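Asker:
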Amino acid sequence: MTEISHSPHLSPLQKWRHRLVIAKCDPTLLIGLGLLFVFAWLIAAPIINILFEVFTVQTGDEMRTGSDAGQMTGYYLERVFASRMSSIIFWKPLWNTLLVSITSMLLSMVIGSILAWLLVRTNLMGRRWLSTALIIPFMLPAWTFALAWTTLFKNATIGGQPGWAEAMGYQLPDWVSYGAFPTIVIMTLNYIPFVILLVGNALRRLDSQLEEAGQMLGASRGRVALSIVFPLMRPALMSSALLIFADAIGEFSVPYVLGLPVQFDTLATSLYRAIGTQQNGVAAVFAGVILVVGIATLALDTWMMREARRFAIIGSKGAMERRQSLGWLQWPATLLALIMVFIGVIAPLGALALSTVMHLPGRFELSNFTLDYWIGTNLDTVALRNGILLSSEFWNAAWSSISIVGSASICAGILGLLTGYIVLRSPLKFVSVSLRQITFFPYLVPGIAFAAAFLTLFAVPHGPIPALYGTPIILFLALIADQMPFASRAGISAMTQLGSDVEDSARVAGAGWLRRMFSIILPIQRNALVTAVLMPFISGIKGVSLFIILAVPATDVLTTFSIRLIDFNYTQAANAVVLMIALIALFGTILINRLTGTGLAQGLES
Amino acid sequence: MSNITLNNISKYYTKGHPPAVDQVSMEIQDGAFMCVLGPSGCGKSTILRMIAGLEHLTDGEIVADGRVLDNVAKGLFIPAEKRHIGLVFQSYALWPHMTVTRNIEFGLRLKGLPAHERKKLVAEMITMLKIEGLEDRYPAQLSGGQQQRVALARTLAMNPGILLLDEPLSNLDASLRLSMRAELTRLHQEFGTTIVFVTHDQWEAMTLATQIAVMNKGTLQQIGTPDDIYERPANRFVAEFIGNPPINMISAETKPAQQLMQQAGFSTSLTEGALLGLRPEGLLLSKEASLSGVPVTISDILPTGGAWIIELTMAQDDTSTMPSHLVHTTQIPPRWQRGEQAYLNVASHAMHLFDTDGKRKPLTLTLTPKAKTYRTAADRISPVFNQPKIEDIS
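Line by line, the protein sequences give chains A and B. Residues 1 to 606, numbered by this note's numbering, are exactly what the first sequence covers, in order. Residues 1 to 394, numbered by this note's numbering, are exactly what the second sequence covers, in order.
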C-alpha cells in the first residue's frame, strides 16, 4: 500500500476531534497516562536523579572539590575509580562482590540442577515431600540463614554471646566464621530453591519423547544428555544463572551480617557505609555501578530468552512424564536430598529456634533453657528488659511493619491490576509498552541501589513535595515502587487470561467503566488481586535493603529492629524477631499457593 | 425493529497496512436477517464490532434508525454502553462469577428495572430458551449449547432493536447446530428483530440468512439473497468461496470450454484470459458421444456417504499447457470405473463466465439452429438432479 492518507477528504482536525470524542467515552487512556506519570515520579525520577548526583557536588564537599554545591564535578568518579583510596573503597569490594556472586551462583546452579533432576525426572523416594521441603529456604529472608550461621559458628573475634562451636570448645578460624566463605555458603543455600524451581519447571516441560527418540536412533544415555537434554535446557539454565547473579550483586543483608566483623565489604555494604557517613556522592557512584551491572545482566537475560524462544516451544503437547529409575543410586541420592534439607532448613531454623530458648549457646542442660527471651520480664539487660513478646518495641515494630508494608502492598496490588488492565486495553500502544517496561524496571535495580536513589530524591523537598526522610511515607512510596515488578506482572498475567470479551459484553449490556470495574473485572480477578497484594507483602516484610537505608528509629520495622538487636548483640532476641518474620513470610507464601492453586515456580517465570 | 445504514465505512488498525474494512456500504432493512460472510480476516467481525460500538470507524458513518452512531467527519460517536444494541459473542463471554440468573439480570439491573419486573423477564427468557433448571448454575457448569442459550437470553432480555451474532453456530456440534439454527429462525420470526451475524461458514450463512453480504480483504464483494449469491455470483471470489466442493475453474479459451459453452447454448466470443466456472453438481456424464459431450477420463471416485465426488481429467488441449482436473458431485450411485472414458456436458445454470478482472460476464444465448439443438439436449439431461430416473445417461 502506497497510500499516504487513508481518507483524503478528512482533515487532521476532523480525525482528532473524532478521536477525542471516543477518548471521552472511555477513561482507559486517561488512567493510563495518570499511571505513567505516577511511575515516572516513583521509579524513573529517583534513578535518573541518582545518576545526576554522581556528577554533582554534594553539600559538605565544597572544600574537597573546590567548587560550590550543585556544580558539575568528576570528583566522585575519580575518588572511587582512580584515587589512592580506590583499591580499598571500590576495587576490593567489587572483587568481593564478584567473588561471592559468581561462586554462589555456580555452586547453587550445580547443586540445584542435580536436585531438580532428581525431583522431576527420577523415582527418588519421597520426592513429593522433598520438593516442598527443599523450597522452604526460598520463602525465608536470606539473612535468617546468616544469623543461624553466626549463632552456630561465631568465634571470639567479636564480643557478645559465643557461638555454639566456641561454647562446645572448638575455636574456629575467622575465615570459617566470617567473610567470603560463610557468605558464599549462605547465598548458595538461598539460591538453590530458586534453581530447583526454574530448572525443575523447564525439565518438566521437556518432553521425554525427545529423549526416547534419541535412544531409538541408537544414542547412549550420556549422548542423549549431552546432545539433547543439555541444549534444550540451556536457556533455562542460563536464565536462572543470570537472575541469580543479578540478585546476588545487590545482596546486602548476608554480607552485612557475616562480613562486618572482618571488614569484608561488598558493593552493597560499601554503599550502606557511604550513606551512613554522609558521603552521598560516593554512595551515588556505588549505586550507579550496582545499577549498571544489574541492568546489563538482566538485559542479557532478556536478549537470550528471546533467542531461546526460537526453539523452546515445540513439543509441549505430547509431553509425557516418564521417570528414570535410579537403581543403586537411590540411596545415595535420597541421602543427598535429605542432607540438603538438613543443611538448608532444619539446622538453621533449629539453631535459631533453640538459641532463643537458651541462656548460653550450645549448652544442653535443662537449667540453661528458658523462655525469658520470648516472655520474660525484668531481665538483667541494659535495654530490652522484657522478652520480645512482652516488649512494646517489638509490637511497635511489628505494627509499623504490617501497617507500612501492608498499606504499600495494597496500593501496589491495586496499581498492579490497573497496570495490567491498561497494558492490555490502552488504545495507544506507547502507553501500554512504556507502562509494562517502567513497572518492570525496579526489578533490574538492586534494592539497596534503589533505596539510595530514593533517598537522594525524596530526602530534600522538591517543589510541592516536602522532605520525606524520617517519615513512613518515604518507606511507603519506596515499597510501592520496589514491588511494582511483582504486582504488575501478576496484574498483566491475570488480565491476559481474562480476555476482553467478558468486559465488552458488559459494555454492550450498558455498563459504564466504573460499573465494569466493580461488577465484572474486580470480582473475577479477586484472587489475582490478593496475589498481587500478598506477593509484595511477603517480599516487603522480609526485605532489608529498603528499610536499612530509609527507616529511622521513629519508623522502626521488624527487619531494622532485628538488625539493631544484632548490632547490640542481643542475639537471642534478634533471632526471635527473625523467626517471627520468617513465620509471617512462610504463612503468606503458603496462603498464595492455596489461593492461586499454582506453584511458586509459575509466578516466578511470568 | 430497526434498520442500520453503513455509509462508506473504513477501519485501519495500523497505519500503512491494508485496511481491515475498506469503504463498505450497506443497508440493513428493518427485520432483516443479514449475514456477513467471508474467510477469516476479511473484516467481517470488525464490521460487527463497529456496529456494536466496541471499535470506532476510521472513516465513514453508521446510522441506526436515524441516530448517528459513529461519524468521523462530523466527530460523533456513541459508546457501546449507550447504543442499546445486543451482541452475542462467539465465546459467549458469560460472566464466570455470576449465576445464570444473575447473568441474564445484569443488564436489567443497569436499566434500573424493579426486582419483580426483572424476575418476570428472567423467567420468561429462561422458558423461551429452554434453560429451566439451570438458574443457579455458574457458566463453568454449563455445556456449550447451554452457555449459548444463556448468552442469547442475556441479550434478548434487553429487548434490543438490533441483535448482532458473532459466528452463532460455529462452536456447536453437528446436532446442536441444527436445533440452534431452528431456534434462531424461530426467534427471528417471533421477535421481528433485525439480526446481523457474521460467519466464515457458508452452510451457516445459506441456511440462516435472508440476505448475505460476502466480504473479502475488507471489501464488500456482493450482497444478495442466498440464491443470488450461489446462482449469480458477482465475481470470481464469490463463485469460488461459495459452494462445496468449490466451483471448477477452467480457462474459457480452451477447446473443451468453448465446446461446453456452445453446447449449453451460449455464444463463445471471448476476451482474453476469461475463466469458465462449472458447479460440480451441474456436471453431467454420459457414456454416449451422441450429445457432443467433451471426452473426459474418470480419475477417481470418492464416496462421502449418500453422495459421491467424481474426479475427472479432461484431455489436454493444444491451447492450454495444463490438463484440466474437474470435480463432479452426484447423489446417484455412480456406475463408473476408475480410468473409464466418459462424455461431459454441463447444465447452463451451472455455468459462470468471469472476465480477466474477475467480474462476472453475462453469458449470451445464441439462437442458431445448431445451438438450439444443443440447448435442447442439455436441457433434456438437466432435470437429472431432481428426478434421478434417466439411468441410461450416467
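For glycine and all other residues, C-beta sits at the position ideal for the given N, C-alpha and C. Please read these numbers as outputs of a predicted model, since none were measured by experiment.
1. So residue 35 (chain A) and residue 419 (chain A) are supposed to be a Cβ contact under 8 angstroms. How far apart are they, rounded?
2. Residue 182 (chain A): which of A:433, A:583 and A:145 sits nearest, CA to CA?
3. At 4 residues or longer, what runs of the alpha helix (DSSP H) sit wholly inside the region 245-280 of chain A?
4. Keeping to the same chain, check which residues put their C-beta closer than 7 angstroms to that of residue 42 (chain A); ignore five residues upstream and five downstream.
5. Can you pull the chain B residues whose beta carbon is under 9 angstroms from the beta carbon of residue 504 (chain A), in chain order?
6. Would you call the region 61-71 of chain B in contact with the region 128-146 of chain B, where contact means no fewer than 3 C-beta pairs closer than 8 angstroms?
7. Going along the chain, which residues of the region 123-139 of chain B sit with their C-beta nearer than 8 angstroms to a C-beta in chain A?
8. Distance, Cα to Cα, residue 10 (chain A) vs residue 217 (chain B)?
9. Tell me, please, whether the region 428-444 of chain A touches the region 234-241 of chain A by the rule of three or more beta-carbon pairs shorter than 8 angstroms.
10. Where are the beta strand (DSSP E) runs, 3 residues long or more, that stay fully inside the region 140-173 of chain B, in chain order?
11. Note down, in chain order, every chain B residue with its Cβ under 7 angstroms from the Cβ of residue 14 (chain A).
12. What separation, rounded to the nearest whole angstrom, lies between the Cα atoms of residue 315 (chain A) and residue 231 (chain A)?
13. When we look at the beta-carbon of residue 146 (chain B) and count the other beta-carbons within 10 Å, is it buried (16 or more) or exposed?
14. Candidates B:201, B:171, B:100 and B:202: which alpha carbon is nearest residue 155 (chain B)'s?
15. So is residue 349 (chain B) in contact with chain A if we call contact Cβ pairs under 8 angstroms?
16. Near residue 280 (chain B), what residues of its chain come up, given a Cβ to Cβ distance below 6 angstroms and the 5 sequence neighbours on each side ignored?
17. Where does residue 306 (chain B) land, buried or exposed, given buried means 16+ other C-beta within 10 angstroms?
18. When we look at the beta-carbon of residue 222 (chain B) and count the other beta-carbons within 10 Å, is it buried (16 or more) or exposed?
19. Using beta-carbon positions only, say whether residue 283 (chain A) and residue 452 (chain A) come within less than 8 angstroms of one another.
20. Compute the beta-carbon to beta-carbon distance between residue 370 (chain A) and residue 475 (chain A), rounded to the nearest angstrom, for a pair I have assumed lies under 8 angstroms.
21. Assign residue 59 (chain A) to one of two classes, buried (16 or more other C-beta atoms within 10 Å of its C-beta) or exposed (fewer than that).
22. Can at least three beta-carbon pairs, one atom from the region 520-527 of chain A and one from the region 114-128 of chain B, be found at a separation below 8 angstroms?
23. Using the DSSP secondary-structure output, state which residues sit across from residue 369 (chain A) in a beta bridge.
24. Consider the Cβ of residue 509 (chain A): report whether some Cβ of chain B lies at a distance smaller than 8 angstroms.
25. What in chain B is Cβ-close to residue 21 (chain A), meaning under 8 angstroms?
26. Who are residue 359 (chain B)'s beta bridge partners in DSSP?
27. Give the straight-line distance between the Cα atoms of residue 377 (chain A) and residue 123 (chain A), rounded to the nearest whole angstrom.
28. Would you say residue 96 (chain B) lies against chain A (beta-carbon separation less than 8 angstroms)?
29. Taking only beta-carbon positions, decide if residue 158 (chain B) is within less than 8 angstroms of chain A.
30. Taking contact to mean at least 3 C-beta pairs separated by less than 8 angstroms, is the region 244-257 of chain A in contact with the region 138-157 of chain A?
31. As an exercise, report each continuous alpha helix (DSSP H) stretch of at least 4 residues that is fully enclosed by the region 245-271 of chain B, in chain order.
32. From the beta carbon of residue 512 (chain A), is the nearest beta carbon of chain B less than 8 angstroms away?
33. Which residues, in order along the region 264-275 of chain A, keep a beta-carbon less than 9 angstroms from a beta-carbon of chain B?
34. Quick check: is the beta carbon of residue 359 (chain A) nearer than 8 angstroms to any beta carbon in chain B?
35. Can you list, in chain order, the residues of its chain with a C-beta nearer than 6 angstroms to that of residue 533 (chain A)? Leave out the 5 residues immediately preceding and following it.
36. I want to verify the contact list: residues of chain B whose CB lies under 7 angstroms from the CB of residue 25 (chain A), in sequence order.
Answerer: If we stick to the structure as given:
1. Confirmed, Cβ separation roughly 6 angstroms.
2. By alpha-carbon distance to residue 182 (chain A), the top candidate from A:433, A:583 and A:145 is A:145.
3. Within the region 245-280 of chain A, the complete alpha helix (DSSP H) runs of at least 4 residues are 253-259 and 267-276.
4. Setting aside the 5 residues that flank it on each side, residue 42 (chain A) is surrounded in the same chain by 477, 480 and 481, each with a C-beta closer than 7 angstroms to its C-beta; the list follows chain order.
5. Against residue 504 (chain A), the close residues of chain B are 49, 52, 54, 80, 87, 89 and 93, in the order they occur along the chain (beta-carbon pairs closer than 9 angstroms).
6. Note that the region 61-71 of chain B does not touch the region 128-146 of chain B; fewer than 3 beta-carbon pairs, one per stretch, sit closer than 8 angstroms.
7. In summary, no residue of the region 123-139 of chain B has a CB separated from any CB of chain A by less than 8 angstroms.
8. In a straight line, the C-alpha of residue 10 (chain A) is about 23 angstroms away from that of residue 217 (chain B).
9. Touching, no.
10. The region 140-173 of chain B contains these whole beta strand (DSSP E) runs: 162-166.
11. What residue 14 (chain A) touches in chain B: 72, 73 and 75.
12. Its pLDDT being 46, under 50, residue 315 (chain A) is placed unreliably by the model, and the measurement read from it follows with that caveat. In a straight line, the C-alpha of residue 315 (chain A) is about 15 angstroms away from that of residue 231 (chain A).
13. So residue 146 (chain B) ends up on the buried side.
14. The shortest C-alpha separation from residue 155 (chain B) is found at B:100.
15. Interface residue (Cβ-Cβ distance to chain A less than 8 angstroms): residue 349 (chain B) is not classified as such.
16. For residue 280 (chain B), the CB contacts under 6 angstroms within the same chain, skipping 5 residues up- and downstream, are 245, 327, 328 and 329 in chain order.
17. Residue environment for residue 306 (chain B): exposed (fewer than 16 other C-beta atoms within 10 angstroms of its C-beta).
18. Under this definition residue 222 (chain B) is a buried residue.
19. In this structure, residue 452 (chain A) lies closer than 8 angstroms to residue 283 (chain A) by Cβ.
20. The Cβ separation is near 35 angstroms, so there is no contact.
21. Under a 10 Å Cβ-count criterion, residue 59 (chain A) is classified as exposed, with fewer than 16 other Cβ atoms of the shown protein chains found around its own Cβ.
22. Contact between the region 520-527 of chain A and the region 114-128 of chain B is absent, because fewer than three Cβ pairs lie under 8 angstroms.
23. Beta-bridge pairing by DSSP links residue 369 (chain A) to A:358.
24. Taking Cβ atoms only, chain B reaches closer than 8 angstroms to residue 509 (chain A), which makes this a yes.
25. In chain order: 75, 76 and 77.
26. Residue 359 (chain B) is bridged to B:235.
27. Here the C-alpha atom of residue 377 (chain A) lies approximately 53 angstroms from the C-alpha atom of residue 123 (chain A).
28. Yes, its Cβ sits closer than 8 angstroms to a Cβ of chain A.
29. Chain A contact via Cβ: present.
30. Contact check between the region 244-257 of chain A and the region 138-157 of chain A: three or more CB pairs, one atom from each, fall below 8 angstroms, which counts as touching.
31. Fully enclosed alpha helix (DSSP H) runs of no fewer than 4 residues occupy 255-263 of the region 245-271 of chain B, in order along the chain.
32. At a cut-off of 8 angstroms between beta carbons, residue 512 (chain A) contacts chain B.
33. Hits within the stretch: zero.
34. At least 8 angstroms separates the CB of residue 359 (chain A) from every CB of chain B.
35. Leaving aside the five residues that flank residue 533 (chain A) on each side, the residues in its chain whose CB is nearer than 6 angstroms to its CB run, in chain order, 409, 410 and 413.
36. Neighbours of residue 25 (chain A) in chain B, taken as residues whose beta carbon is under 7 angstroms from its own, are 77 and 79 in chain order.
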